[in-house]
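Accompanying notes for the structure given below.
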Amino acid sequence: MALMITDDCINCDVCEPECPNDAIYMGAEIYEINPDKCTECVGHFDEPQCQQVCPVSCIPFHPEHRETRDQLFAKYEKLQAGKA
Numbered sequence: 001m002a003l004m005i006t007d008d009c010i011n012c013d014v015c016e017p018e019c020p021n022d023a024i025y026m027g028a029e030i031y032e033i034n035p036d037k038c039t040e041c042v043g044h045f046d047e048p049q050c051q052q053v054c055p056v057s058c059i060p061f062h063p064e065h066r067e068t069r070d071q072l073f074a075k076y077e078k079l080q081a082g083k084a
């Protein structure tokens, strides 16, 4: 499943540059994650990098975007193909 950023976000700017898929962007008030681009870092890293660097732990799994590891890897491959 994709990740999401909760209202606990303090806009510290550390998560956005860590995302290898450019899924994180500044929303109207806090950072947001585009679920179509979020692969939980599958294909890039063993752990979601945004969760690793977040100082307030406000990046949980998004309950409305459940995906298996295989689905996340397929999304990663599709995103990589689009960059080529």
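Per the UniProt record's numbering, the sequence shown starts with residue 1, numbered consecutively. The beta carbon of each residue, even a glycine, is placed where N, CA and C say it ideally should be. Since this is a predicted model, take the numbers as computed values, not measurements.
For Glu18, name the three-state secondary structure that DSSP assigns. To locate residue 18, count along the sequence shown from 1; it is residue 18. Helix at Glu18.
Backbone secondary structure at Glu77 - three-state DSSP: One-based indexing of the sequence shown puts residue 77 at position 77. The answer is helix: DSSP assigns Glu77 an H, G or I state.
Hey, would you say Cys58 sits closer than 8 Å to Ile5, going by beta carbons? As a working note, residue 58 is residue 58 in the sequence shown. As a working note, residue 5 is residue 5 in the sequence shown. Going by C-beta atoms, Cys58 is nearer than 8 Å to Ile5.
Do Val53 and Cys9 come within 8 Å of each other at the CB atom, strictly closer than that value? What you label residue 9 is simply residue 9 of the sequence shown in a count that begins at 1. What you label residue 53 is simply residue 53 of the sequence shown in a count that begins at 1. Against a cut-off of 8 Å, the Cβ pair of Val53 and Cys9 comes out as no contact.
Kindly indicate the opening and closing residues of the alpha helix (DSSP H) around Cys50. Reading the sequence shown from its first residue, position 50 is the one you call residue 50. Segment Gln49 to Val53, the alpha helix (DSSP H) holding Cys50.
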